[in-house]
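Asks: Numbering (the numbering used here), first residue to last: 224 to 308.
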Amino acid sequence: MLAPENPLAKSVEVANGVMRVALEDGRRLEVPIEWFPRLRDATPEQRRDLRLIGGGIGIHWPQLDEDLSVRGLLFPHPEDAQRVS
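Listed below in structure tokens is the structure:
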């Protein structure tokens, strides 16, 4: 069993400018895709083409070469604001 600091996604939806992530522990996240330039600039079809990776520890968009960790969505670091996806 994974420690609580390793949250797992069970589903992800990207629509209407928002990424919605349902976690295995029942929590739900809503994050604006504006925070992620590759998602923001992608077509709706590219945004829908996603995979959960690592048993749910991350999300991968193969057409965009974009990977996000669930932990990073829950606990962002201030320096992440300076980084461009």
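We treat Cβ as the ideally placed atom computed from N, Cα and C, and that holds for glycine. All values reported here derive from a predicted model rather than from experimental measurement.
Over the uninterrupted beta strand (DSSP E) stretch that includes residue 255, give me the two end residues.
Replies: 251–255
Asks: How about residue 269 and residue 297: are their beta carbons less than 9 angstroms apart?
Replies: no
Asks: Just reading off the beta strand (DSSP E) that residue 290 is part of, what are its end residues?
Replies: 289–292
Asks: Could you check how far apart the C-beta atoms of residue 239 and residue 294 are, in whole angstroms? I think they sit under 8 angstroms.
Replies: No, residue 239 and residue 294 are not in contact; Cβ-Cβ is about 25 angstroms, not under 8 angstroms.
Asks: Can you name the residues that DSSP bridges to residue 238?
Replies: For residue 238, which the question treats as bridged, DSSP gives the partners 241.
Asks: What are the complete alpha helix (DSSP H) segments, minimum 4 residues, inside the region 256–281?
Replies: 260–264, 267–271
Asks: How would you call residue 244, buried or exposed, if buried means at least 16 neighbouring beta carbons within 10 angstroms?
Replies: buried
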